[in-house]
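One structure is given here, and the rest of the page talks about it.
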Amino acid sequence: MTLIRPWTAALGASLALQAGAQDPHPHPAPPDPHAHHRMAKPAEEPADAPSTDSLYQLSSRWTDSRGRQLPFTSLRGQPVVLVMFYASCEAICPLLLKDAQRIERALTPAQRQQVRFVAVSFDPQRDTPARLAAYAQQRGLDAGRWTLLQGKEDDVEELAAVLGMRFRPTGTGDFVHTNLITVLGPDGVVRARQVGLGQPVEPAVAVLSGLLEKKPAR
Amino acid sequence: MTPGLLLALWLGAAPGGRVELPAGSYEAFLVQQGQPPADAGTPLGRVRIPVPAFRLDPRPVTQAEFLAFVRAHPRWRRSQVPRLFAEKAYLAHWEGELKLGQGVGPQTPVTGVSWFAARAYCRWKGGRLPTVDEWEYAASPASPEEGKVNAARVLTWYARPASAPLPVAGAGPANRFGVRDLHGVIWEWTADFSAAMTNEDGRDGSSAGGALVCGGAGAAAADPSDYASFMRYAFRSSLQPTFTMRTLGFRCAEDATSP
Chain A
1 MTLIRPWTAA LGASLALQAG AQDPHPHPAP PDPHAHHRMA KPAEEPADAP STDSLYQLSS
61 RWTDSRGRQL PFTSLRGQPV VLVMFYASCE AICPLLLKDA QRIERALTPA QRQQVRFVAV
121 SFDPQRDTPA RLAAYAQQRG LDAGRWTLLQ GKEDDVEELA AVLGMRFRPT GTGDFVHTNL
181 ITVLGPDGVV RARQVGLGQP VEPAVAVLSG LLEKKPAR
Chain B
1 MTPGLLLALW LGAAPGGRVE LPAGSYEAFL VQQGQPPADA GTPLGRVRIP VPAFRLDPRP
61 VTQAEFLAFV RAHPRWRRSQ VPRLFAEKAY LAHWEGELKL GQGVGPQTPV TGVSWFAARA
121 YCRWKGGRLP TVDEWEYAAS PASPEEGKVN AARVLTWYAR PASAPLPVAG AGPANRFGVR
181 DLHGVIWEWT ADFSAAMTNE DGRDGSSAGG ALVCGGAGAA AADPSDYASF MRYAFRSSLQ
241 PTFTMRTLGF RCAEDATSP
């Protein structure tokens with residue numbers, strides 16, 4: 001997928017800088033210093049910078065595929081591999097989930113048990129708990145490790161924003177979206193992110209291994 | 001002018017009262033995936049984007065209004081807001097956490113607030129941020145002449161230093177919808193500012209991306225000569241939701257009361 005951003009980022013960033021230069025509170029550096037590289041390599045997928053703060057300040061509540069209510073903060077205490085997807089996405093989301101499953105498989109059995117895999121739908125209208133349950137089964141997502149979540153549109157938008165994930169309905173039932181896998185530490189801070197499909201799993205696996213060595217707090 | 005229209009305008013100007021914009025359409029500056037293909041009936045092959053009826057604040061949210069919000073919601077005070085939701089410069093131009101101070105006119109548009117904060121304010125006020133489509137529709141000119149006036153105003157504004165004091169919110173002329181200050185005062189947050197994307201869910205993004213990049217503005221922008229709009233779209237796409245800037249404020253919207 002592509003964002004409009006590559007060609008606008010350079011100008012947008014310079015605007016932000018210009019405003020910042022006049023500003024008594026200088027603006028942070030523009031988010032995308034590599035816009036030019038992206039222009040040269042459009043296949044490289046842009047995404048926004050994630051937060052460096054704990055995501056467990058989100059107060060949103062979600063429903064899992066068994067219909068159970070859970071606050072986002074209930075994920076606290078173990079490393080989390082998080083993806084956002086939608087179930088009617090036929091071409092890309094299965095590949096994104098496969099990528100997450102590749103990470104899952106690359107962990108040792110002991111590690112695997114200590115990591116939670118979370119797939120959040122950004123299509124809450126259609127992705128009901130029943131639909132998510134069917135999807136999990138169809139994709140072979142291990143019920144013991146995977147949690148699929150449906151949320152309110154507002155909360156989905158907020159979660160996407162803190163992850164630096166972009167999505168937009170196309171009006172035809174599909175979405176354009178960043179293909180993003182995020183690794184959260186037990187504290188909810190983003191520890192690794194993988195943008196684009198088919199990336200090597202080693203970086204994410206190394207981060208997860210590191211988190212599991214340091215753990216366990218809870 | 002009919003009494004009904006006068007009443008509508010008066011209500012629209014009432015403090016806090018949102019004006020209702022009828023369903024309509026605007027000529028998109030930027031063609032996005034999922035939007036209809038270029039219509040030969042519009043000049044320069046522009047695309048008209050339909051927008052359902054909605055309600056919009058007639059002017060930007062003011063400093064005083066935002067102060068009332070942070071008074072009511074300590075979580076959004078600058079000492080308490082999580083970095084997750086706003087960068088360090090959030091409301092830094094205020095003298096104190098609950099004090100505007102010298103040089104911050106209470107009736108001027110509030111700036112220095114993040115997307116998260118703007119969103120929370122609108123929710124508090126029973127609304128939401130307008131979408132890009134809603135904002136662009138509200139700001140679209142009624143005539144080519146008005147478009148030129150708007151563009152001139154915006155270009156003058158671009159040339160002004162960002163530290164220049166802001167005028168009182170709502171001091172600008174009302175447009176055909178009774179909405180003010182959409183051009184030439186501040187940038188404004190929209191709900192889906194970061195969603196500008198071109199290519200549908202697919203791996204072949206490189207082709208569309210290549211066209212965008214190599215063709216520059218010409219490929220995607222409906223009219224590259226519309227520099228003011230180009231800057232607005234470029235600015236939006238450069239934002240992150242935690243950003244706070246002295247030139248960036250917002251106004252709220254809500255769904256129309258009647259369909």
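Residue numbers (this note's numbering), protein chains in the order written: chain A, 1 to 218; chain B, 1 to 259. Cβ coordinates follow ideal geometry from the N, Cα and C atoms, glycine included. What you are looking at is a predicted structure, and each value in this text was computed from that prediction instead of being measured.
Distance CB(residue i)-CB(residue j) smaller than 8 Å
i                     : j                     : result
residue 76 (chain B)  : residue 118 (chain B) : no
residue 83 (chain A)  : residue 183 (chain A) : no
residue 57 (chain B)  : residue 18 (chain B)  : yes
residue 155 (chain A) : residue 60 (chain A)  : yes
residue 100 (chain B) : residue 106 (chain B) : yes
residue 109 (chain A) : residue 150 (chain A) : no
residue 24 (chain B)  : residue 61 (chain B)  : no
residue 176 (chain A) : residue 54 (chain A)  : no
residue 111 (chain A) : residue 208 (chain A) : yes
residue 76 (chain A)  : residue 133 (chain A) : no
residue 29 (chain B)  : residue 193 (chain B) : no
residue 169 (chain B) : residue 20 (chain B)  : no
residue 179 (chain B) : residue 228 (chain B) : no
residue 135 (chain B) : residue 188 (chain B) : yes
Interface partners of residue i on chain B, CB under 8 Å
i                     : result
residue 161 (chain A) : 115, 116, 194 and 241
residue 182 (chain A) : Chain B residues near residue 182 (chain A): none, gap ~14 Å exceeds 8 Å.
Coil, strand or helix - residue i by DSSP
i                     : result
residue 121 (chain A) : strand
residue 173 (chain B) : coil
residue 59 (chain B)  : coil
residue 135 (chain B) : helix
residue 188 (chain B) : strand
residue 13 (chain B)  : Because the pLDDT at residue 13 (chain B) is just 44, under 50, the model does not fix this residue reliably, and the value given afterwards should be weighed accordingly. Of the three classes helix, strand and coil, the one that applies to residue 13 (chain B) here is helix, per DSSP.
residue 90 (chain B)  : coil
residue 214 (chain A) : helix
residue 192 (chain A) : strand
residue 147 (chain B) : helix
residue 103 (chain A) : helix
residue 25 (chain B)  : strand
residue 104 (chain B) : coil
residue 162 (chain A) : helix
residue 150 (chain A) : strand
residue 50 (chain B)  : strand
residue 204 (chain A) : helix
residue 231 (chain B) : helix
residue 255 (chain B) : strand
residue 66 (chain B)  : helix
residue 157 (chain A) : helix
residue 250 (chain B) : coil
residue 180 (chain A) : strand
residue 141 (chain B) : coil
residue 99 (chain B)  : strand
residue 156 (chain B) : helix
residue 243 (chain B) : coil
Residue i: contacting residues in chain A (beta-carbon distance under 8 Å)
i                    : result
residue 52 (chain B) : By Cβ distance, chain A contributes nothing, its closest Cβ being about 12 Å from residue 52 (chain B), past 8 Å.
Any C-beta of chain A under 8 Å from that of residue i
i                     : result
residue 83 (chain B)  : yes
residue 18 (chain B)  : no
residue 226 (chain B) : no
residue 39 (chain B)  : Residue placement at residue 39 (chain B) is poorly supported in this model, since its pLDDT is 46, which falls under 50; the coordinates still yield a value, given next. It does not: the Cβ of residue 39 (chain B) has no partner Cβ on chain A nearer than 8 Å.
Cutoff 8 Å: residue i Cβ touching any chain B Cβ
i                    : result
residue 99 (chain A) : no
residue 52 (chain A) : yes
residue 57 (chain A) : yes
Supposed contact pair residue j and residue i - C-beta distance, whole angstroms, cut 8 Å
i                     : j                     : result
residue 243 (chain B) : residue 114 (chain B) : 6 Å
residue 127 (chain B) : residue 254 (chain B) : 4 Å
residue 89 (chain A)  : residue 174 (chain A) : 7 Å
residue 197 (chain A) : residue 79 (chain A)  : About 22 Å separates the two Cβ atoms, so there is no contact after all.
residue 190 (chain B) : residue 132 (chain B) : 5 Å
residue 195 (chain A) : residue 179 (chain A) : 7 Å
residue 121 (chain A) : residue 87 (chain A)  : 6 Å
Chain C within 8 Å of residue i, Cβ atoms only
i                    : result
residue 58 (chain B) : Note that chain C does not occur in the displayed structure, where the protein chains are A and B.
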